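Here the protein sequences line up with chains A and B, keeping their order. Take 1 as the starting number for the first sequence in the numbering used here and just add one per residue. Take 1 as the starting number for the second sequence in the numbering used here and just add one per residue.
Protein chains: 2
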Amino acid sequence: MSSEAGTKSDRTRERILHAAAQAFRGSGYALTSLRQIAENAGMQAGSLYYHFANKDELVEAVLDEGVLGAQRAAEAAIGDLPASANPLEKIGAAFRGHLAYTLEEADFAVATLRMLHQVPDAVRIRHLRKQRAYGRFYARLFEEAKEQGLIRAEFDLSALRMLLLGALNWSPEWYDPAGLSPDQLVRQLTAMMESGVMPPSKRR
Amino acid sequence: MSSEAGTKSDRTRERILHAAAQAFRGSGYALTSLRQIAENAGMQAGSLYYHFANKDELVEAVLDEGVLGAQRAAEAAIGDLPASANPLEKIGAAFRGHLAYTLEEADFAVATLRMLHQVPDAVRIRHLRKQRAYGRFYARLFEEAKEQGLIRAEFDLSALRMLLLGALNWSPEWYDPAGLSPDQLVRQLTAMMESGVMPPSKRR
DNA sequence: GTCTATAGGTTGATAGAC
DNA sequence: GTCTATCAACCTATAGAC
């Protein structure tokens, strides 16, 4: 990610990041030792310090990639839509990209969700700033949808957005690949969001 | 909870449990030391071992109370409904009780959600059994709703249930008491669930 | 760039006095 | 029932050889 770049040092750094994401995803922040990460990456614990100043810097790199990866996936999915797509369709596409990244590429995104409350305060505060930027990306889409009359006035856009993103963010906790695909899952969510679960005859 | 019972030992045990829930909520499983819990409870670390065999037994008691508390709150909210309430209304009431407990009583419920992936495997496996029992409580309500024609056939009941519970479970991560009340928040979710966000004129 | 060795700190848990 | 004292295990981080 970001750099498939040249130098050996860059490639080793990438290897360490992936090893760390996998380990953090499984055991969380505090329970994952640098020894385990180093073992996953095929080296000794002391060698990590050539690439990262300390554990905090390493975990922050994992957190940031988790959010940036989801955001890139969401924006790419919107880019694949026809230009005529309305804001609700864009939200649906963004959810599709977001969830596919979370459930399939997984390690960075899931580690990020699970570690939010374990990392040191300074790391979390900096990371939340980046996550809020991703939140504003959705906030703009919801505002456009309301302006175009696609969302009824009674809804609180901020609450709606956070509830829906929560449904997506929690899905790694229960998702079973034997059931619906990530795309089918998002379609359940967007169908409910747009028209609700009730048949037309029972709607108020 | 469960025992406001008599003996001094019982009351001390309750005090330790609350101290542990509060500490676990803030710092997670691994980063919360028994010394911190003991300090919260007004005693020394070694004294905890008179009441709990080890850290695992203590954290398991917190986890179980978190789920049982949410379930009790959900069932109580259903009990307050008129007998004529339909299954969708019961689901809404259960959500209301669940979220009020999670956002207001908080420590046990939030600690439980945040520690799921940090606790030792044996503890988590036993706990997930209790959580699945709570899941079946909702599964029955969704099935009744579908049987009564309140949910369209295209919906996957299991996916729908987990998405909606995910929206609730994630809410402690972003909830701001300065905004909507827990009840108003649930009403946003149930309004969307039942009829969707679009105005009637735009629905397909 | 990676290794080995180790310093320095914290933790869960136990033993025994009171 | 609670305290103090302590052990053994583990961790992050550093220093210096290669």
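Virtual Cβ for every residue (Gly too), placed ideally from N, Cα, C. For clarity, every value in this text was computed on a predicted model and none was experimentally measured.
Beta-carbon within less than 6 angstroms of residue 151/B's beta-carbon, same chain only, minus the 5 sequence neighbours each way: which residues are those?
The sequence position of residue 151/B within the second sequence is 151, counting from 1. If we look at residue 151/B and ignore the five residues flanking it on each side, its Cβ neighbours are 145.
Cα separation between residue 49/A and residue 180/B?
Along the first sequence, one-based indexing puts residue 49/A at 49. Along the second sequence, one-based indexing puts residue 180/B at 180. Cα to Cα, residue 49/A sits roughly 46 angstroms from residue 180/B.
Distance CB(residue 272/A)-CB(residue 101/A) smaller than 8 angstroms
Summary: the structure shown does not reach residue 272/A, with chain A confined to residues 1 through 204, and so no result is reported for it.
Touch check for the region 90 to 104 of chain A and the region 48 to 65 of chain A: three-plus C-beta pairs under 8 angstroms?
no
Return no unless some Cβ of chain A is closer than 8 angstroms to the Cβ of residue 55/B.
Here residue 55/B refers to the residue found at position 55 when the second sequence is read from its first residue. No, its Cβ sits nowhere closer than 8 angstroms to a Cβ of chain A.
Does residue 181/B get closer than 8 angstroms to chain A when you measure Cβ to Cβ?
Residue numbering aside, residue 181/B sits at position 181 when the second sequence is read from its first letter. No, residue 181/B lies away from the interface with chain A (no Cβ there is under 8 angstroms from its Cβ).
Is the CB-CB distance between residue 166/B and residue 9/A below 8 angstroms?
Translated into the one-based positions of the second sequence, residue 166/B becomes position 166. Translated into the one-based positions of the first sequence, residue 9/A becomes position 9. Contact flag unset, no.
Taking 8 angstroms as the threshold (beta carbon to beta carbon), is residue 84/B in contact with chain A?
In the second sequence, the residue the question calls residue 84/B occupies position 84. Not one chain A Cβ lies under 8 angstroms of residue 84/B.
Name the chain A residues that come within less than 9 angstroms of residue 40/B, Cβ to Cβ?
Within the second sequence, numbered from 1, the residue matching residue 40/B stands at position 40. None at all; the shortest Cβ gap to chain A is about 18 angstroms.
Same chain, Cβ closer than 7 angstroms to residue 148/B, neighbours up to 5 away in sequence not counted:
Sequence index remark: in the second sequence, residue 148/B carries index 148 (1-based). So the list reads 86, 87, once near-sequence residues are dropped.
Only counting the same chain, and skipping five residues up and downstream in sequence, which positions put a Cβ closer than 8 angstroms to that of residue 188/A?
Looking up residue 188/A in the first sequence gives position 188. For residue 188/A, where only same-chain residues beyond five positions count, the Cβ hits under 8 angstroms are 180.
Count Cβ pairs between the region 12 to 30 of chain A and the region 28 to 45 of chain B that sit closer than 8 angstroms; are there 3 or more?
yes
Assigned secondary structure, residue 158/B (DSSP; H/G/I helix, E/B strand, else coil):
Working through the second sequence from its first residue, we reach residue 158/B at position 158. Here residue 158/B sits in helix by DSSP.
Where does residue 127/B sit, in a helix, a strand or coil, going by DSSP?
If you number the second sequence from 1, residue 127/B lands on position 127. Note: residue 127/B maps to helix in three-state DSSP.
Leaving aside the five residues before and after residue 118/A along the sequence, list all residues of the same chain whose C-beta is less than 8 angstroms from its C-beta, in chain order.
Against the first sequence, residue 118/A aligns to sequence position 118. So the list reads 28, 29, 30, once near-sequence residues are dropped.
Any idea what DSSP makes of residue 52/B, helix, strand or coil?
On the second sequence, residue 52/B is found 52 positions in, with the first residue counted as 1. Reduced to three states, the DSSP call for residue 52/B is coil.
Quick check on residue 252/B: does DSSP put it in helix, strand or coil?
Residue 252/B cannot be examined here, being either before or after the span of chain B that is shown, 1 to 204.
Residues, ordered as in the chain, of the region 51 to 81 of chain B that lie near chain A by beta-carbon distance below 7 angstroms:
none
Beta-carbon within less than 7 angstroms of residue 155/B's beta-carbon, same chain only, minus the 5 sequence neighbours each way: which residues are those?
Working through the second sequence from its first residue, we reach residue 155/B at position 155. So no residue of the chain qualifies.
Output needed in chain order: residues of the region 146 to 160 of chain B with a Cβ under 8 angstroms from some Cβ in chain A.
149, 150, 151, 152, 154, 155, 156, 158, 159, 160
Tell me which same chain residues have a C-beta within less than 7 angstroms of the C-beta of residue 111/A, skipping the five on either side of it?
Counted from its first residue, the first sequence places residue 111/A at position 111. 21, 24, 25, 62, 66.
So the alpha helix (DSSP H) residue 110/A belongs to, where does it begin and stop?
Position 110 of the first sequence, counting from 1, holds the residue named residue 110/A. Taken as a continuous stretch (DSSP letters only), the alpha helix (DSSP H) holding residue 110/A covers 107 to 115.
Please list the terminal residues of the continuous alpha helix (DSSP H) segment that includes residue 119/B.
Against the second sequence, residue 119/B aligns to sequence position 119. Run containing residue 119/B: none; DSSP gives neither H nor E here.
Does any residue of chain A bring its CB to less than 8 angstroms from the CB of residue 33/B?
By one-based count along the second sequence, residue 33/B stands at place 33. No, no contact with chain A.
Using a 10 Å radius around the Cβ and a threshold of 16 neighbouring Cβ atoms, would you call residue 6/A buried or exposed?
The sequence position of residue 6/A within the first sequence is 6, counting from 1. So residue 6/A counts as exposed.
Would you tell me roughly how many angstroms separate the C-alpha atoms of residue 141/A and residue 158/A, rounded to the nearest one?
By one-based count along the first sequence, residue 141/A stands at place 141. By one-based count along the first sequence, residue 158/A stands at place 158. So the alpha carbons of these two residues sit roughly 11 angstroms apart.
Grab me the residues of residue 207/A's own chain with a C-beta within less than 8 angstroms of its C-beta, minus the 5 sequence neighbours each way, in chain order.
Residue 207/A is absent from the structure shown; chain A starts at 1 and stops at 204.
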